[in-house]
Amino acid sequence: MPPPVITYGDWVASWTMQTHLRVIVALSLSWLGALLALCHRVNGGAKGFSREGEPGTAAPLARLLAMGGLYGQQRPYLEVAGVTACAGVLGMVALACCDFVYARHTKARWFALHVIANVWISLLCLPDLAFMAADPLAALKEHRLNHWPASLIFSVHVYHMAFFKNLQPIDWLHHLLMVVLAGPIVITAEVGPMMNYNHFFMCGVPGGVDYLMLFLVKHSWMTPLEEKRIATVINVWFRAPWLVSVACFGYIQFFIDNTPLHIFLFRCFLLLLAAWNGATPPWPLPHPSQTPPRHPPDTSPPLPRSR
C-alpha cells in the first residue's frame, strides 16, 4: 500500500496547528515563570515555597505571593478572602493579556484561554498532588496549602462571565455554583492539600486536554466525533475516578479532624460537589427528542399477503 500523499495544504495546516500550540505553551509558562520568580524574590528564596512559617504575619505582598501555604493558617476570614481576591484579579489581568495578545485572534477564544489557565492550575497543584500521593495520611492532617490554584479558578469563571457574551444557562449555573456558592466555602473548609488534589483533576489536566481538543475542532484540525470519543475516555478513566476518590479521602479526614459543625457541613458540600463533577460528563448531553432513532421507521408499503 503506497504511503499517503501529503499536500501543501496539509503541511500548512500542520505547521499552523503546531505554531498555535507553541504559542499557548509559551504564554502559559512565561506568566507562571514570572509569578514563581517574583514569589522567590519577595519571600526570600525557598522560604516562599515552604509550608513552614506564618504567611499571615508577613507583609501583604509576601502573603499574596506565598506559594507554600496561606489557607488553613487560622487567619481572619476577611484577610484570607482579600488575598484570594487580589490573586484572582492578577489572574484576570494575566488572562486579559493572553486574550488581547493571542486568544481573540483565533477561532476559539474561550477555549484557548481555558487551556492556558488549566496549564497554570495544573502546574501549581503539583506539589500538593505529590504530597497526597507520597503520604496521604500526613496530607489529610495538614491544613496549609497554596491559595493560587483556587484563585485562578475564580479568575477563569469571573472572566468568562464578565467579558463574554451569549453564555448559555448551563454556563451561568456552572459559574455561579463554582464562584458565588463554592468560593467562600473553599476558603473556610480547610481541607488542606486535598483541595489542590481535587483542583488538579477537576480544573486541571483532564479539562485542559478536553478544551485543547475543542480548540482543535474549532480550527478543523480534529473531527468532533474524535474529540467526543477521546473526551469520553478521559472523563471515565482519568477524571471521574480521582474526583470520586476526593470524596473518599474527605470521608477519612472526618475521622482525623475534630472540626466545628459549620466546617463539617462545608466539607460535606465540597465532597458532594467533587463526586457530582466526577459523575457527570463535562459537556451537556442531547435531549432524547434530539437523538435520532436507532432504527428508522419502515415507510415502505406492505407486501401483499399470499393466499
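According to this note's numbering, the sequence shown is numbered sequentially starting from 84.
For every residue, glycine included, the Cβ atom is placed at its ideal position computed from N, Cα and C.
Simplified DSSP state of residue i, which is helix, strand or coil
i, result
"Tyr154", "strand"
"Leu250", "coil"
"Leu119", "helix"
"Gln101", "helix"
First through last residue of the alpha helix (DSSP H) which encompasses residue i
i, result
"Met215", "Arg192 to Ala217"
"Thr167", "Tyr160 to Val184"
"Met305", "Segment: none, Met305 is in no alpha helix (DSSP H) and carries neither H nor E."
"Leu299", "Val288 to Lys301"
"Gln466", "Examination of residue 466 is not possible in this model, given that the chain is present from 84 through 390 alone."
"Leu144", "Pro143 to Leu147"
"Met278", "Met277 to Met285"
"Thr271", "Ala265 to Ala272"
Residue i versus residue j - alpha carbon distance
i, j, result
"Ser67", "Lys311", "No answer is possible for residue 67: the residues shown for the chain start at 84 and end at 390."
"Asn279", "Leu223", "12 Å"
"Val263", "Ala179", "21 Å"
"Leu353", "Val269", "8 Å"
"Gly361", "Phe332", "14 Å"
"Val176", "Pro219", "35 Å"
"Asp293", "Val316", "11 Å"
"Leu153", "Met285", "21 Å"
"Leu144", "Ile335", "35 Å"
"Leu235", "Val241", "10 Å"
"Phe347", "Lys248", "38 Å"
"Ala245", "Cys169", "17 Å"
"Gly165", "Glu309", "43 Å"
"Arg124", "Leu118", "10 Å"
"His188", "Asp340", "50 Å"
"Val184", "Val106", "10 Å"
Assumed close pair residue i, residue j - CB separation to whole angstroms, cut-off 8 Å
i, j, result
"Gly287", "Val198", "No, Gly287 and Val198 are not in contact; Cβ-Cβ is about 11 Å, not under 8 Å."
"Leu148", "Leu121", "6 Å"
"Val329", "Ala357", "4 Å"
"Ala265", "Thr167", "About 13 Å separates the two Cβ atoms, so there is no contact after all."
"His258", "His282", "The pair is not a contact, with the Cβ atoms about 16 Å apart (cut-off 8 Å)."
"Leu110", "Cys208", "Actually they do not touch by this definition, with Cβ atoms about 19 Å apart."
"His302", "Lys190", "6 Å"
"Tyr160", "Thr271", "7 Å"
* Asked: Should the region 198 to 218 be called in touch with the region 250 to 257, which here means at least 3 C-beta pairs below 8 Å?
  -> no
* To do: Could you say if the region 273 to 292 and the region 215 to 233 meet the contact criterion of at least three C-beta pairs nearer than 8 Å?
  => yes
* **Cβ contact (3+ pairs, closer than 8 Å) linking the region 190 to 200 and the region 297 to 309** => yes
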